[in-house]
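A.B. asks:
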Amino acid sequence: MKRLIIFPLNLFISFFEGIGEYVILMASAFKALSKTRQYSHSTIDQLVIIGTNSIPIILLTAFFSGMVTTVQSGYQFTSWVPQWFVGSVVGESVLLELAPMITGLVLTGRVGATIAAELGTMRVTEQIDALESLSFDPVAFLIIPRVLAGLIMFPILIVFADIMGIMGGWITAIMSMDVSTFEFFKGFKTWFKPWDAWFGLLKALFFGFSITSIACYFGFNTKGGAEGVGKSTTITVVVSCVVILILDFVLAAVFL
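Written as structure tokens, this is what we have:
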């Protein structure tokens, strides 16, 4: 009985200890922002790794997400629903939810896991300790460039995802639903609001910061050699996905 009580109690304590350590690490990162110029080359490298190298997978997933949305919309429409409504469904779905959400989940595996594995390997091989011994600030050198790159590149990637998602829905509509280009974009413009697009970019900022900062936290605090690197990578992906889902709900409840 005591074991059954102690086990969840330890998890509860570890959970709040982890939150406290994360907040302390992010506070150190904000304090180190003044040193960003010293490591600007690292930020540029991360912009390429996080942003440019992620474009192909983002374009592919967004394109097929738009196609699937069109097919499912056509399946659910009845005879009394005009077919051109599919344009509004695709537009709203992609801009508000599919593009930011799917991009965030994909980049959790693509970017978050990579960052956690890199920093975790550096920690267990004592490279981070070596940086400290050489008077380098590891937070400014390793964490700030990755977080800044996430904040800059995630909204840009969402723009690409929006374009490809709508394009995928449009191509599918004119090929399989007998909907003309004019009718598709007529439906798209009927319920389109500029705030819908801006809301997706707002999500991107929160997702970008969350994914990169969580990955940096778990990678930076890795213990236990190669096994520890694997655990840090796995828990980074799991926690980031859960946080993205929670943020998606909270942002929608607050701003919509």
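Mind the numbering: the sequence shown is residues 4 to 259 in the numbering used here, read in order.
Where is the CB? At the ideal position from N, CA and C, for every residue including glycine.
Which one of VAL257, ILE217, GLY233 has the shortest CA to CA distance from SER243?
C.D. replies: Residue numbering aside, residue 243 sits at position 240 when the sequence shown is read from its first letter. SER243 has its Cα closest to that of ILE217, out of VAL257, ILE217, GLY233.
A.B. asks: Three-state secondary structure (DSSP) at GLU230?
C.D. replies: Here residue 230 is taken as the residue at index 227 of the sequence shown, counted from 1. Of the three classes helix, strand and coil, the one that applies to GLU230 here is helix, per DSSP.
A.B. asks: For SER45, which residues of its own chain have a beta-carbon under 6 Å away from its beta-carbon, when the five flanking residues on both sides are left out?
C.D. replies: Position 42 of the sequence shown, counted from the first residue, corresponds to residue 45. Once the five neighbours on either side are set aside, the close Cβ partners of SER45 are PRO148.
A.B. asks: Going by DSSP, what residue range makes up the alpha helix (DSSP H) through SER136?
C.D. replies: By one-based count along the sequence shown, residue 136 stands at place 133. Unbroken alpha helix (DSSP H) run through SER136: 130 to 136.
A.B. asks: Do GLN86 and MET180 have their C-beta atoms closer together than 8 Å?
C.D. replies: One-based indexing of the sequence shown puts residue 86 at position 83. One-based indexing of the sequence shown puts residue 180 at position 177. Yes, they are a contact pair.
A.B. asks: From which residue to which residue does the alpha helix (DSSP H) around TYR220 run?
C.D. replies: The count along the sequence shown starts at 1 and reaches residue 220 at position 217. 197 to 223 is the extent of the alpha helix (DSSP H) around TYR220.
A.B. asks: Pick helix, strand or coil for LEU250, following the three-state DSSP scheme.
C.D. replies: Indexing the sequence shown from 1 puts residue 250 at position 247. Residue state, collapsed to three classes: helix.
A.B. asks: Between the C-alpha atoms of GLU186 and ILE47, what's the straight-line distance to the nearest angstrom?
C.D. replies: Here residue 186 corresponds to residue number 183 of the sequence shown, with the count starting at 1. Here residue 47 corresponds to residue number 44 of the sequence shown, with the count starting at 1. Their Cα atoms are separated by approximately 43 Å.
A.B. asks: Starting from the C-beta of GLY261, find all residues in its chain whose C-beta is less than 8 Å away, skip the five residues before and the five after it, and write them out in chain order.
C.D. replies: What is shown of the chain runs 4 to 259, which leaves residue 261 out entirely.
A.B. asks: By DSSP, does VAL182 sit in helix, in strand, or in coil?
C.D. replies: Numbered from its first residue, the sequence shown carries residue 182 at position 179. Correct three-state label for VAL182: coil.
A.B. asks: Leaving out five residues before and five after TYR56 in sequence, what residues of the same chain have Cβ atoms less than 8 Å from its Cβ?
C.D. replies: By one-based count along the sequence shown, residue 56 stands at place 53. Just to set this straight, residue 56 is Asn in the shown sequence, not Tyr. Here the set comprises nothing.
A.B. asks: Grab me the residues of SER183's own chain with a C-beta within less than 8 Å of its C-beta, minus the 5 sequence neighbours each way, in chain order.
C.D. replies: Here residue 183 corresponds to residue number 180 of the sequence shown, with the count starting at 1. Excluding sequence neighbours, SER183 sits near ILE177.
A.B. asks: Which ranges would you report for the alpha helix (DSSP H) in the region 42 to 100 if only whole runs of at least 4 residues count?
C.D. replies: Listed in chain order, the complete alpha helix (DSSP H) runs (minimum 4 residues) inside the region 42 to 100 are 43 to 49, 58 to 79, 88 to 96.
A.B. asks: Could you tell me whether the Cβ atoms of GLY77 and MET170 are closer together than 8 Å?
C.D. replies: Here residue 77 corresponds to residue number 74 of the sequence shown, with the count starting at 1. Here residue 170 corresponds to residue number 167 of the sequence shown, with the count starting at 1. No. Outside cutoff.
A.B. asks: According to DSSP, is LEU154 helix, strand or coil?
C.D. replies: Counting from 1 along the sequence shown, the entry for residue 154 is found at position 151. In the structure shown, LEU154 sits in a helix (DSSP, three-state: H, G or I).
A.B. asks: Would you check if the distance between the CB atom of PHE212 and the CB atom of LEU254 is smaller than 8 Å?
C.D. replies: Within the sequence shown, the letter at position 209 stands for residue 212. Within the sequence shown, the letter at position 251 stands for residue 254. No.
A.B. asks: Apart from the five residues just before and just after MET328, which ones in its own chain have a Cβ nearer than 7 Å to its Cβ?
C.D. replies: Any property of residue 328 remains undetermined from this structure, which presents the chain solely from 4 to 259.
A.B. asks: Determine whether the beta carbon atoms of PRO141 and LEU204 lie at a separation below 8 Å.
C.D. replies: In the sequence shown, residue 141 corresponds to position 138, counting from 1. In the sequence shown, residue 204 corresponds to position 201, counting from 1. Contact: no.
A.B. asks: Label LYS192 either buried or exposed according to how many other C-beta atoms from any shown protein chain fall within 10 Å of its C-beta, with 16 as the threshold for buried.
C.D. replies: The count along the sequence shown starts at 1 and reaches residue 192 at position 189. Burial call: exposed.
A.B. asks: Under 8 Å, do LEU36 and MET156 count as touching if we go by C-beta distance?
C.D. replies: Position 33 of the sequence shown, counted from the start, is the residue given in the question as residue 36. Position 153 of the sequence shown, counted from the start, is the residue given in the question as residue 156. Cβ atoms of LEU36 and MET156: not closer than 8 Å.
A.B. asks: Run through DSSP, which three-state label would TRP194 get?
C.D. replies: For the purposes of this step, residue 194 is identified with residue 191 of the sequence shown, where counting begins at 1. Note: TRP194 maps to coil in three-state DSSP.
A.B. asks: Determine the contact status of LEU101 and ILE214, defining contact as a CB-CB distance below 8 Å.
C.D. replies: For the purposes of this step, residue 101 is taken as residue 98 along the sequence shown, with counting starting at 1. For the purposes of this step, residue 214 is taken as residue 211 along the sequence shown, with counting starting at 1. In this structure, ILE214 does not lie closer than 8 Å to LEU101 by Cβ.
A.B. asks: Please list, in chain order, all residues of the same chain as LYS144 whose beta carbon is under 6 Å from its beta carbon, the five residues on each side excluded.
C.D. replies: As a first step, residue 144 is located in the sequence shown; it is residue number 141 there, counting from the start. Rather than Lys, the amino acid found at residue 144 in this sequence is Phe. Correct list, in chain order: TYR42.
A.B. asks: PHE67 to SER17, Cα distance in whole Å?
C.D. replies: Within the sequence shown, the letter at position 64 stands for residue 67. Within the sequence shown, the letter at position 14 stands for residue 17. C-alpha separation (whole angstroms): 40 Å.
A.B. asks: Classify PHE18 as helix, strand or coil using the three-state DSSP reduction.
C.D. replies: One-based indexing of the sequence shown puts residue 18 at position 15. Looking at PHE18 - three-state DSSP - the assignment turns out to be helix.
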